[in-house]
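Student: Line by line, the protein sequences are chains A and B. Everything in the first sequence is counted per our numbering, starting at 14 for the first residue and increasing by one. Everything in the second sequence is counted per our numbering, starting at 246 for the first residue and increasing by one. The beta-carbon is built from N, C-alpha and C at its ideal position, and this holds for glycine as well. Dumping the structure here so I can ask a few things about it.
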Amino acid sequence: MSLIDASVRPENPPVPRMPDELNADVVVIGGGPNGLILASYLARTGASVILLEKRYEVGGGLATEEVIFPLYYANTHATYHMMVDYMPVLSDFNMQRHGLMFMKPNAQTGIIFRDGSSILLSKMVSDSVDSIGRISAKDAKAFEKIIRTYTKMVDEILGPGTYYPPMPPVDLSVRLGRTEIGKALLEISEQSPMEIIDDLFTDPRVKALFLYISCMWGLDPWEGGLGFMVPLLICRGMNKCLCLGGSHKFSGTLSKEIVINKGLILENAEVTKIIVKDGKVEGVQTFDGRIIHAKTVASSLDPQSTFVRLVGEKNLPEDFLRSIKQWKWDKWSLFTVHCALEDEVRFKVNDRAIDQAFMNIIGFEDVDEVVHYLEGLKDGEMAGMCGHATTETLYDPTLTRINGKHVAFFQMLAPYNLKGGWEENQKKNEEEALKVWQSYAENLSDENVIAICSESPLDIERRISCMVNGSIKHGDYNPLQMGYFRPNDLCSSTSTPIAGLYLCGASVYPGGLIIGGPGYLAANTICEDLEIKKWWKMPPKIQRYVEEYIQ
Amino acid sequence: MNNRYDVIVIGGGPNGITIACYLAKCGLSVCVCEDRLECGGGFENAEPIPGFRIDPHATYLYGAAAPGFEQLELAKFGLRMVYYKTMFGSVTSDGEGVIGSRYNSEGMSNSLKRYSQNDVEVMETFNSTLMEHALEILRSIYWTPPPPVGVTLAREDLPWSKEFKKHVPIYDDAWNDMSTFELLDTILDTEFFKVGFAMGSWYNGPHPDWAGTGLFGLTCNILNMYSSGSPLGGTHSMIHALVRCALTHGATILTNTKVEEIIVEDGEAKGVILADDAPTRTKRIYADRAVISGVHIKDLFLNLVPSRHLDPVFIQGIRDISLKGGSLFVLSMITTEMPKFIGRAGEILSGTDYPSCVFLPSDDREIVLNQMRDVYSFNTHPIKKESIIIPIVNHDIFDKTRCPPGYHVFSPIYLQMPPPEYHVDGPEAVNKAQDEIVDVLLEAIRGVAPNITEKNIVATFVNTPYDSAFRNLGFVGGNWLGISQSEDQWYTARPMEELSRYRSPVHKLYLCNHTSYPGGLGLMAVPYNLMHILIEDLDLKPGGWWYPSPHYISEKEVTS
């Protein structure tokens, strides 16, 4: 904190003061998507809920901010919403009445090569097959065949399973092993993304597309154990949605649901302590000394913030503490260049449909370059300016205050510990990234660029403090801290060793990337533990999953 | 989504949201349509760099005297205030300095006693007597509707006349004719202290040289001193509390939902037509009891109400309304050091006595008067360091949520501009001269605080009046006070005489924007005043939480 504190606390303040102590049935720490979802479900049960957010706006990764200041907003974190089709919160709450709308364009993910050739994955399988066929007829056929299997895996198991509590791997294997599709899923899980893609496809350009899609959110191309993410990310990568009005509209709408049900949201309210006595939670304290008494506290923060910083080491069993301290942060983070443009970006490409794509991958000529790039990240290097670009205003013109202008970004996977440091190299990287982007585009001249700014992994950490090392998922996706082990086997069902303390953030099963899983699962657990009647029912897709695969 | 409500409010700025709270709390179904991604209007904060909060427009809470805090129970919805030890400071090029503050009487007196014992005594009285009765005095001015149209009150019958006379012995009805400078000259001695005060008037209301506005120039400063702070996190926090209050009482709030037209039939407002890209299936929403405009009076009658429902004389009157006065060039600056002022100012304005708002360099009232001539008469922007006095505002030494440790944010740093519409070199002139203007501002700061250099300036951001007009449709002309606050457009003449009671020529269409009385500054005053009118016209039954102004005069009293 700044060394000078020149504020005063008058005895008779002119404006009625909020009490220094509050009471609630449940306190939720962190107003990101999961905290908001949990608070929404609980508030509607009639429980008194207080949600505490450090920043001046809730939303966490659902952030739409005027970073190209003034006049141009960008989604500074989540732009691609991949689980809109499965998130129970969207079907359980009628949020459309607040004007919340998700759009799923057909042209989903393109990859553009230097010679003007390209591949475009669309929502429609046939369009995707046609496009892959321009590069390789054989791979198009292979894709057409495998996507049916993958779609079934996702629709029947992986999608709904995201919103069902985790179970020990052995138990899950036994259950999934009872069906053909389940067996296939178990087999594929053992493999690495590279193995899966090598088995399926022959053309190095086709492989580049699918490997990037499979690994971009934090998978090691050579690591086995999380192979199930390949079908998940490929299918969901063909079904990404954007939130009209900006991703923050989603969090704004969740806030409304909390408030309408008498929940209290406090921004600018960083929690500095979770009060624990005799192994039980008693409440929390915020940075300004306010105390909120509650017998149930749910933290959406990363495990080190929750346990080491807020609960305190002395309140934790040693083994548990050790496991928390071993928590690994994301393998890499993101470097994003945001631009305000006169015109939407048009690429030098032989398929005009590419210009309509929600996301376009540029900078890679073949799969070896993708692998090389991902490996370089581990060593703090960006092997070139390669990544994915999106013109945000293509489908959502609300992001600019000036009609007809555009907002776009070029986003690259980037190491937090960049060789040479981000402070020293950000400007240079921004300029180089723009040059690369310009080289793929037809109309991205300097005249077209009205304003430009960039955000590094340091900025991500600065904005959202539990994204340590710019960890957008609050922690690495690797077999030791995924599934039943996220964050560890004691807490993956959202309960913790401390009575009354729950986890509900991206560092708990099923993970991050705005899937709304942890918040939903925590709502279920807390209601069950406190014997609060749930006003919601298990969605049909999840029910079917349970009946066909789990029971 | 419904398409029928009791009331539709166009515009979710501070005024629109507040009237929505009041009416929802009366049990009406209310729908607010806001064009931008978020409600809030001028009460907004931004973080162009994560962790560093800037104030593109509103920066202080001025309206702590508002009945709304109590009536709407805003503390229940999360509103928390931060109060500042020292609010205001004035520094000269010679290194002289004074501070003014409600909560730092000792510091204020110490700084003033070098210059004038009279001023010490006046300000001590200000802090004791005046602050003690500031609530009644301020409410008689701002939180009281003007009298019924056509009624002119004798000077001694003006609500504030009565309150001032009760509590402030030196009050004189002649103050109502004076300019701010004239009024200040009757009570204070120290020139650069007066210049600072006068700048406080200019940036919050009337120009300190305009006749007949001196009292309001003074009371702007009283508003600021009485409140002495800002919501925790910035003014946008207050919008969150207001929005949540409205939602809790059942209001519907739609964002990125622009209104294109007001449906008028037989001279009566029936509803609104939304823009084609509104995220709703239905683009027509109907209002059974009232349509309330939270938007600028010019936008309302030149865009939203089709001209066939208005007469040409009225329309010309709307066109003639002056936009001068609050078109601000806003610079935000992130530094790693606090300014260290030269000379005695450096000793006084330091540590926990550093004021939130410093006017510099307050050398001479001539600078203020010449600045005004540039902006209002010649319609050009000042470009020389010697021709300007500017305010520079800091919040982070009071509010720790504003930026990380080791940094400071100075936001806003303001400079008055002609509205783009009136600029002699065209509407984009200020935008084109942006970099030059920033250099002049930084030079002015360095002139009295030489330690602020490129070495410790981390980043700067600018929003010009032209930018502001796009960012926020309520800021026509980039004017965040709506329209000029000269005597021609104040009190019973704001924005036009026939509109001064918040009613409009279109039946059931009401005004709730800072282009009505008492203007801007987010006081929750326009909505409170409008409530008096609506309670009568719509026969509302608020409940025990509502109380009107004791000075309110109803049309019924006049006709009886």
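Confirm, please, whether the CB-CB distance from residue 289/B to residue 717/B is below 9 Å.
Tutor: yes
Student: Got a sec: which bits of the region 609-642 of chain B sit with their beta carbon under 7 Å from any beta carbon on chain A, in order along the chain?
Tutor: 641, 642
Student: Leaving out five residues before and five after residue 370/A in sequence, what residues of the same chain have Cβ atoms less than 7 Å from its Cβ?
Tutor: 120, 121, 122, 123, 133
Student: Which residues in the same chain have their Cβ closer than 6 Å to the Cβ of residue 503/B, if we skip the five residues on either side of it in sequence?
Tutor: 280, 520
Student: Would you mind giving the Cβ-Cβ distance between residue 597/B and residue 330/B, rounded to the nearest angstrom? I have them listed as a contact below 8 Å.
Tutor: 6 Å
Student: Any C-beta of chain A within less than 7 Å: which residues of the region 695-719 of chain B qualify?
Tutor: 706, 708, 712, 715, 716
Student: Could you say which of 339/A, 361/A, 390/A, 523/A lies nearest to residue 450/A if we only look at CA atoms?
Tutor: 361/A
Student: At the 9 Å Cβ level, is residue 353/B part of the contact set with chain A, yes or no?
Tutor: no
Student: Answer with buried or exposed for residue 795/B, where buried requires no fewer than 16 other C-beta atoms within 10 angstroms of its C-beta.
Tutor: The C-beta of residue 795/B has fewer than 16 other C-beta atoms within 10 Å across all chains shown, which makes the residue exposed.
Student: Can you tell me whether residue 714/B is helix, strand or coil according to DSSP?
Tutor: helix
Student: Among 394/A, 131/A, 105/A, 156/A, which one has its Cα closest to the Cα of residue 215/A?
Tutor: 156/A
Student: Is the separation between the beta-carbon of residue 737/B and that of residue 275/B shorter than 9 Å?
Tutor: no
Student: Taking Cβ positions, are residue 768/B and residue 387/B nearer each other than 9 Å?
Tutor: yes
Student: When burial is assigned at 16 or more other CB atoms within 10 Å of the CB, is residue 364/B buried or exposed?
Tutor: buried
Student: Which partner residues of residue 62/A appear in the DSSP bridge assignment?
Tutor: 39/A
Student: Would you mind reading off the limits of the alpha helix (DSSP H) that contains residue 183/A?
Tutor: 182-189
Student: Which chain A residues are close to residue 330/B, counting only those with a beta carbon under 8 Å from its beta carbon?
Tutor: Contact annotation for residue 330/B against chain A: 19, 20, 21 [CB-CB distance below 8 Å, chain order].
Student: Over what stretch of residues does the alpha helix (DSSP H) that includes residue 384/B continue unbroken?
Tutor: 376-386 is the span of the alpha helix (DSSP H), which, as asked, contains residue 384/B.
Student: Which of the three DSSP states is assigned to residue 454/A in this structure?
Tutor: strand
Student: Please look up how many angstroms separate the CB atoms of residue 532/B and residue 752/B, rounded, as I've assumed it's under 8 Å.
Tutor: Not confirmed; about 12 Å, so no contact.
Student: For chain B, is any of its Cβ atoms less than 9 Å away from the one on residue 58/A?
Tutor: no
Student: With a Cβ-Cβ cutoff of 9 Å, do residue 147/A and residue 135/A count as a contact?
Tutor: no
Student: Can you list the residues of chain B that residue 568/A reaches, using a CB-CB cut of under 9 Å?
Tutor: With chain A covering only 14 through 564, there is no way to say anything about residue 568/A.
Student: Whose CA, out of 315/B, 578/B, 679/B, lies closest to the CA of residue 789/B?
Tutor: 315/B
Student: Taking all protein chains shown into account, decide if residue 150/A is buried (16 or more other Cβ within 10 angstroms of its Cβ) or exposed.
Tutor: Residue 150/A should be labelled exposed.
Student: Chain B partners of residue 114/A, CB-CB under 8 Å?
Tutor: 524
Student: Give me the Cβ distance between residue 517/A and residue 313/A, rounded to the nearest whole Å; I'm assuming they're in contact under 8 Å.
Tutor: 5 Å
Student: Between the alpha carbons of residue 14/A and residue 319/A, how many angstroms are there, rounded?
Tutor: In this prediction, residue 14/A scores a pLDDT of 40, lower than 50, which makes its location untrustworthy; the coordinate-derived value is nonetheless stated afterwards. Near 21 Å, if we compare the C-alpha coordinates of residue 319/A and residue 14/A.
Student: Rounded to a whole number of angstroms, what is the C-alpha to C-alpha distance between residue 501/A and residue 20/A?
Tutor: 43 Å
Student: I'd like the ranges of any alpha helix (DSSP H) spanning at least 4 consecutive residues and lying wholly in the region 67-144 of chain A.
Tutor: 101-105
Student: Please confirm if the region 270-279 of chain A is in contact with the region 59-71 of chain A, defined as three or more CB-CB distances below 8 Å between the two stretches.
Tutor: yes
Student: Under three-state DSSP, which class holds residue 501/B?
Tutor: coil
Student: Assign residue 676/B to one of three DSSP states: helix, strand, or coil.
Tutor: helix
Student: Using DSSP with H/G/I as helix, E/B as strand and the rest coil, what is residue 643/B?
Tutor: DSSP places residue 643/B in coil when its eight states are reduced to three.
Student: Can you tell me where the alpha helix (DSSP H) with residue 199/A in it begins and where it stops?
Tutor: 193-203
Student: For residue 151/A, which three-state DSSP category applies?
Tutor: helix
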